[in-house]
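In the numbering used here, the protein residues as written are 119 to 384.
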């Protein structure tokens with residue numbers, strides 16, 4: 119099912135998590151249209167690039183950049199990570215759940231369809247307050263408010279939302295300590311403080327984190343990856359023990375997975 123890890127209260131070495139291999143069985147559709155779309159796109163791009171290499175022994179940088187932009191557009195329209203039946207089943211085992219930064223609700227809807235008890239929340243528009251600099255914005259990178267932010271203040275996030283997504287931000291984490299907290303790519307580019315605000319508001323015992331992590335990223339922009347800020351990752355590692363790790367299919371340039379963390383005992 120993508121793999122799980124134990125290791126007692128000391129946990130697993132967070133700096134170099136051993137990602138399970140992406141087995142072909144994880145790519146079975148099982149009623150997941152986004153996964154089907156991913157497979158068709160990757161097959162199309164792969165076949166095109168292979169043919170190009172076979173003829174010219176070279177690849178066009180412009181065309182690979184176009185593919186990367188199309189992948190980014192698809193992520194914005196659907197979800198930043200691609201669900202699999204195995205990952206969804208693993209998350210369902212930790213129900214009830216509360217998801218923050220739920221986007222358009224693709225994952226929340228899929229979890230509900232599989233019997234999980236899920237509450238999903240997100241803000242309706244980008245808030246520059248969560249892109250402000252300092253330690254909370256990216257592990258001490260000291261970015262100014264809005265600098266490098268992918269959106270402008272008040273810009274709508276993602277596409278049309280599923281009915282299961284309610285209006286709400288980090289305060290929703292504080293209201294539901296009885297539920298496992300789900301966060302998926304809350305900090306665009308690995309910078310910002312949204313994820314950290316959710317973590318600090320949450321008083322429950324279980325985190326389900328979807329995206330990249332330091333030691334499990336291609337490091338295109340940061341050795342901490344592009345999903346969670348460096349400071350968020352440090353606070354999670356200090357206060358929680360990683361118990362499970364489930365591999366996900368990924369768009370080019372990313373290394374996504376689902377990690378399950380348990381709060382350390384006092």
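In this text, a Cβ means the ideal position worked out from N, Cα and C, and glycines have one as well.
- In the DSSP secondary-structure assignment, residue 382 is not bridged to any residue.
- Taking all protein chains in view, the Cβ of residue 297 is crowded by 16 or more other Cβ atoms within 10 Å, so the residue is classified as buried.
- Taking the C-beta atoms as reference points, residue 332 is found no nearer than 8 Å to residue 344.
- By a beta-carbon distance limit of 8 Å, residue 150 contacts residue 203. Their separation comes to about 7 Å.
- Within the model, the alpha-carbon separation for residue 241 versus residue 362 is close to 29 Å.
- Secondary structure of residue 357 (DSSP, three-state): helix.
- Take residue 213, set aside five residues on each side of it, and the residues of its chain with a beta-carbon closer than 6 Å to its own are 234 and 235, in chain order.
- Look at residue 350 here: in three-state DSSP terms it is helix.
- Bridge pairing for residue 331: 334 [DSSP].
- Taking a 10 Å sphere around the C-beta of residue 295, we find fewer than 16 other C-beta atoms and assign the residue as exposed.
- By the beta-carbon neighbour count (other beta carbons within 10 angstroms, threshold 16), residue 336 is exposed.
- Of the candidates 162, 218 and 231, 218 places its Cα closest to the Cα of residue 305.
- Nearest to residue 383 by C-alpha distance, out of 367, 328, 356 and 163, is 356.
- Around the beta carbon of residue 279, 16 or more other beta carbons sit within 10 angstroms, so the residue counts as buried.
- Going by DSSP, residue 238 is part of the beta strand (DSSP E) stretching over 236-240.
- Of all C-beta pairs linking the stretch 179-199 to the stretch 364-372, three or more are shorter than 8 Å, placing the two stretches in contact.
- If you look at residue 230, you'll find it in the alpha helix (DSSP H) that goes 224-231.
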